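As they're listed, the protein sequences go chains A and B.
Going by the UniProt record's numbering, the final residue of the first sequence carries number 207, and the count climbs one at a time with no gaps.
Going by the UniProt record's numbering, the final residue of the second sequence carries number 207, and the count climbs one at a time with no gaps.
The C-beta atom is built at its ideal place from N, Cα and C for all residues, glycine as well.
Note that the structure is a prediction, hence the values are computed from the model and not measured.
Protein chains: 2
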Amino acid sequence: MSQNQILQSLIAENLVSDPNGARGRLLKEAARLFREKGYERTTVRDLAAAVGIQSGSLFHHFRTKEEILKAVMVETIGLNTALMQAAMEAADTPKDKLRALVRAELESINGQTGEAMAVLVFEWRSLSADSQADVLELRDIYEALWLDVLGALRDQGRLLAEPFVVRRMLTGALSWTVTWYRPERGGLTLDGLTDQVMAMLGFPATS
Amino acid sequence: MSQNQILQSLIAENLVSDPNGARGRLLKEAARLFREKGYERTTVRDLAAAVGIQSGSLFHHFRTKEEILKAVMVETIGLNTALMQAAMEAADTPKDKLRALVRAELESINGQTGEAMAVLVFEWRSLSADSQADVLELRDIYEALWLDVLGALRDQGRLLAEPFVVRRMLTGALSWTVTWYRPERGGLTLDGLTDQVMAMLGFPATS
DNA sequence: CAATACCAAGCAAGCGCTTGGTTTGTAAAC
DNA sequence: GTTTACAAACCAAGCGCTTGCTTGGTATTG
Chain A
1 MSQNQILQSL IAENLVSDPN GARGRLLKEA ARLFREKGYE RTTVRDLAAA VGIQSGSLFH
61 HFRTKEEILK AVMVETIGLN TALMQAAMEA ADTPKDKLRA LVRAELESIN GQTGEAMAVL
121 VFEWRSLSAD SQADVLELRD IYEALWLDVL GALRDQGRLL AEPFVVRRML TGALSWTVTW
181 YRPERGGLTL DGLTDQVMAM LGFPATS
Chain B
1 MSQNQILQSL IAENLVSDPN GARGRLLKEA ARLFREKGYE RTTVRDLAAA VGIQSGSLFH
61 HFRTKEEILK AVMVETIGLN TALMQAAMEA ADTPKDKLRA LVRAELESIN GQTGEAMAVL
121 VFEWRSLSAD SQADVLELRD IYEALWLDVL GALRDQGRLL AEPFVVRRML TGALSWTVTW
181 YRPERGGLTL DGLTDQVMAM LGFPATS
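As structure tokens, then:
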């Protein structure tokens, strides 16, 4: 399944809003603004202006501003869990699976859903405690994917550190790329960056 | 020189405010609040209450709220650059120097200056563009420390990835520990965590 | 002819910051 | 050793503005 096919099926299941619909367009703009200025600095007037409506009209679609932030996060996690699963199924060995996961996460962070991923990382504290708990539950699902693969590599003796520590280090390292990695201005492609991450972990590039 | 001696000499040079003085106490509380609630969610009334003065009185010490954030960052970078330099000078081989840097950064992030370090990472966007440029200049000084050491390891053939990529990955990975690493509740000590990071990079624990 | 989507207007609360005046610490002058 | 001088530190009050959100009404759509 291609990335677009996955997206389509999630839309069909109503797990992700259609980006052409009113709700989907708003969430996309919200992700952009939240990333650019941060949640707190983004006003409901900013959000409304971005989709061309009055600020009060927002509250027809969402009850509170926080609900918008939460929706961005929930949909992003849903989409990415599906993408990770698909990426992993296409690979055979644990090493290849790890590479697939790293590449998929880098793609999520630096690709089309990048804005939403950055929001997920940097605006976490702006969620209420209740919402944090809800979102955390969803995150655990795809963290398990990583731990399985890293555990297998550890059993093979090809990973010297603890899987759960490595996963957390990778979470930080890969998320952080959003602050510096700029594929458009020359140098490192996404595959090149993936190779660098693998090399850092002691897995030389295959090509 | 011990960590405390370094701090004392920086205070003497007026590069860091005395934490017993009014300004130093405010900056310490500011770091705590900024980390806990984020810069935007922290009001000048919160800051004032934390040190037991009226909100208006803050502006006798700082011209704007942003100046407080900037001061936290500038002083933190200054202190940490000194700590890193000291840690590195005590080590001989590139590998030992890398370990010293990793350990020192983990200590900064998770120790006494941890709150300020977290602010440095997560509240970056809340600085004005001008202030960002000022702070960035200071950061470059200690980034150079890392690149030197990583470059030496690369030359030795003990590092497969590019130094500048590894440094950026480590920045993310080590910063991220602030969100999950809790030394107090059992398990991993700071040295243990340092070992894990080194192991992840392909350097088995020495002990 | 509902239901959905929106607008225009504005409210109450909270924000960063200013103001004019008072207290406190310090050190020289008597 | 009390008095005088003065700046630094602080308070009490509140200004002007922005914030998230509400309200009552009007288009639009199936």
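- For Phe34/B, the uninterrupted alpha helix (DSSP H) segment begins and ends at Ala22 to Lys37.
- A direct Cα-to-Cα measurement between Arg139/B and Lys28/B gives close to 20 Å.
- For Thr171/B, the residues of chain A that pass the 7 Å Cβ criterion are Trp176, in the order they occur in the chain.
- Leu106/A and Ala49/B have their alpha carbons spaced roughly 43 Å apart.
- Comparing alpha carbon positions, the residue from Leu150/A, Leu10/A, Ala129/A and Glu123/A closest to Thr81/A is Leu10/A.
- Ranked by Cα distance from Glu184/B, the options Val119/B, Asn110/B and Leu127/B are led by Asn110/B.
- The DSSP assignment places complete alpha helix (DSSP H) segments of no fewer than 4 residues inside the region 46-70 of chain B at 58-61, in order along the chain.
- For Gln132/B, no chain A residue has a C-beta closer than 7 Å to its own C-beta; the minimum C-beta separation is roughly 12 Å.
- Neighbourhood of Phe122/B in chain A, by CB distance below 9 Å: Phe122 and Arg125, in chain order.
- Listed along chain B are Met200, each with a C-beta nearer than 7 Å to that of Val166/A.
- Under the three-state reduction of DSSP output, Pro163/B falls in the helix class.
- Cβ-Cβ distances below 7 Å link Ala116/A to Ala31, Val72 and Thr76 in the same chain, with the five nearest sequence neighbours on each side left out; the list follows chain order.
- Taking 4 residues as the minimum length, the alpha helix (DSSP H) runs contained wholly in the region 119-158 of chain B are 129-155, in order along the chain.
- The DSSP-derived three-state label of Ser17/A is coil.
- In this structure, the beta-carbon distance from Glu66/A to Ser128/A falls below 9 Å.
- The three-state reading of DSSP puts Asp92/A in coil, since its state is none of H, G, I, E or B.
- Under the 9 Å criterion on CB atoms, Gly186/A is classed as non-interfacial with respect to chain B.
- The contact set of Gln196/A on chain B, defined by CB atoms closer than 7 Å, consists of Ala161, Glu162 and Val165 in chain order.
- Interface residue (Cβ-Cβ distance to chain A less than 9 Å): Thr179/B is classified as such.
- Listed in chain order, the non-local C-beta contacts of Val135/B below 6 Å within the same chain comprise Met73, local neighbours out to five positions each way being set aside.
- DSSP places Gln3/B in the helix class (H, G or I) of the three-state scheme.
- The C-beta distance from Glu123/B to Phe62/B rounds to 16 Å, too long to meet the 8 Å contact threshold.
- Annotation: Cβ neighbours of Arg41/B in chain A (cutoff 9 Å, chain order): Glu40, Arg125 and Ser126.
- Within 10 angstroms of the beta-carbon of Arg45/B lie fewer than 16 other beta-carbons, which makes it exposed.
- In this structure, Thr42/A lies away from Ser55/A, with their beta-carbon atoms at least 9 Å apart.
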